[in-house]
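Student: Number 643 marks the last residue of the sequence shown (the working numbering); no jumps.
Note that beta-carbon positions come from the ideal geometry of N, C-alpha and C, so glycine has one too.
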Amino acid sequence: MSGDTFDSFVKPFRLSPHASNLEPEAQPTFDAYAPAQIALRVREVGVTKAAMPVQTMFALAILAGAFIALGSLFFTVTMTSGTIGQPQAFGLTRVVGGLTFSVGLILVVVGGAELFTGNNLIAMAWASGRVTTPQVMRNWGWVYLGNLVGAVGTALLVWLAGVQTMSDGAVGETMVQIARGKISLDPVSAVARGILCNVLVCLAVWLCMGARTVTDKILAIVFPITAFVVCGFEHSVANMYFLPIGVALAAGTSAPLSVAGAFSNLALVTLGNVVGGTVLVALVYWSVYLRNSE
């Protein structure tokens, strides 16, 4: 083989002499973002979310409410299943239920939607002075309303589809049982469970911001979300699905559920979610990574 022929053969396989001088962001990497980098990313995402047009924000919020409702339905059917639901399998049942519920947040994060509980992380942008208090309230208000529309609308579709009649009505009984358990919580427990829930939800979102691939994001979501479900913590957007369908199904029975109790639970859990996500995650991480950089 002549020298010219050999050079033409190996040329496509040679590294560019400038390959070692690539910018850091242009170099392939399999590493996650460092916590300090995550803090910066969360802050910038918060700025973007706060400036989002209302129509876009509301539409994405409806989707998020529907996604969480679908995850809640998946959880309900799982909790109804045969022997796994027996008392002796309590822990295993909760773990499987948590894994199935995770589908909701996976759809939100990977599919792209606006979830009230995750948007509590906007507090990092607020603490940095990058967004105003009215902007935060605007985002939270519209997203909360959109989540409610999406979750209640999905509950209506589930009811019309007759999912509650599955397994000779056992799924419907589980729906009522879940709602009854939530309404029976005392105020302190409801708030405390809401706080603990959104600490884990916001940590799941935080970990997702450190991920570089879809697979990484899914893994980052599954474990914190499964943990909050196993422990019985309270998620306001999930309750926007659980409470309406449970109250509706119990309305024609000898033991109806209190509508006022459902609203009370939702309000208390929402308060807890805000405290957990805003104070215990967003503001703590802001004070650690961003306070001295402002």
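So residue 443 packs on residue 579, CB below 8 Å; how close in whole Å?
Tutor: As a first step, residue 443 is located in the sequence shown; it is residue number 94 there, counting from the start. As a first step, residue 579 is located in the sequence shown; it is residue number 230 there, counting from the start. The Cβ separation is near 4 Å, so the contact holds.
Student: Please tell me whether residue 395 and residue 480 are closer than 8 Å, where the distance is taken between their beta carbons.
Tutor: On the sequence shown, residue 395 is found 46 positions in, with the first residue counted as 1. On the sequence shown, residue 480 is found 131 positions in, with the first residue counted as 1. Yes. Within cutoff.
Student: Between which two residues does the alpha helix (DSSP H) carrying residue 402 extend?
Tutor: Here residue 402 is taken as the residue at index 53 of the sequence shown, counted from 1. Residue 402 -> no alpha helix (DSSP H), and no H or E assigned at all.
Student: I need the DSSP call for residue 565, collapsed to helix, strand or coil.
Tutor: Working through the sequence shown from its first residue, we reach residue 565 at position 216. Of the three classes helix, strand and coil, the one that applies to residue 565 here is helix, per DSSP.
Student: What number of angstroms, rounded off, separates the C-alpha of residue 540 from the C-alpha of residue 623?
Tutor: Locating residue 540 in the sequence shown gives position 191, counting from the first residue. Locating residue 623 in the sequence shown gives position 274, counting from the first residue. For residue 540 and residue 623, the distance between alpha carbons rounds to 10 Å.
Student: Residue range of the alpha helix (DSSP H) that residue 641 falls in?
Tutor: To locate residue 641, count along the sequence shown from 1; it is residue 292. Note, residue 641: premise wrong, no alpha helix (DSSP H); not H, not E.
Student: To the nearest angstrom, how far is the alpha carbon of residue 408 from that of residue 422?
Tutor: By 1-based counting over the sequence shown, the position of residue 408 is 59. By 1-based counting over the sequence shown, the position of residue 422 is 73. So the alpha carbons of these two residues sit roughly 21 Å apart.
Student: What's the gap between the Cα of residue 426 and the Cα of residue 617?
Tutor: Locating residue 426 in the sequence shown gives position 77, counting from the first residue. Locating residue 617 in the sequence shown gives position 268, counting from the first residue. Near 26 Å, if we compare the C-alpha coordinates of residue 617 and residue 426.
Student: Please determine, among 528, 513, 599, the residue with the shortest C-alpha to C-alpha distance to residue 521.
Tutor: Walking along the sequence shown from the start, residue 521 turns up at place 172. The option with the nearest alpha carbon to residue 521 is 513.
Student: Are the beta-carbon atoms of residue 566 and residue 459 separated by less than 8 Å?
Tutor: Counting from 1 along the sequence shown, the entry for residue 566 is found at position 217. Counting from 1 along the sequence shown, the entry for residue 459 is found at position 110. Result yes, Cβ atoms of residue 566 and residue 459 sit closer than 8 Å.
Student: Candidates 619, 556, 585, 406: which alpha carbon is nearest residue 462's?
Tutor: If you number the sequence shown from 1, residue 462 lands on position 113. For the residues 619, 556, 585, 406, the minimum Cα distance to residue 462 belongs to 406.
Student: Distance check for residue 591 and residue 584, CA to CA, integer angstroms please.
Tutor: Here residue 584 corresponds to residue number 235 of the sequence shown, with the count starting at 1. Here residue 591 corresponds to residue number 242 of the sequence shown, with the count starting at 1. Rounded to the nearest angstrom, the two C-alpha atoms are 10 Å apart.
Student: Can you tell which of 472, 447, 487 has its C-alpha closest to the C-alpha of residue 410?
Tutor: Here residue 410 refers to the residue found at position 61 of the sequence shown. The option with the nearest alpha carbon to residue 410 is 487.
Student: How far does the alpha helix (DSSP H) with residue 544 in it extend, from its first residue to its last?
Tutor: Counted from its first residue, the sequence shown places residue 544 at position 195. First-last of the alpha helix (DSSP H) with residue 544: 536-558.
Student: According to the neighbour-count rule (16 or more other Cβ atoms, all chains shown, within 10 Å of its Cβ), is residue 388 buried or exposed?
Tutor: On the sequence shown, position 39 is the one that residue 388 refers to. Looking at its Cβ environment, which holds 16 or more other Cβ atoms inside 10 Å, residue 388 is buried.
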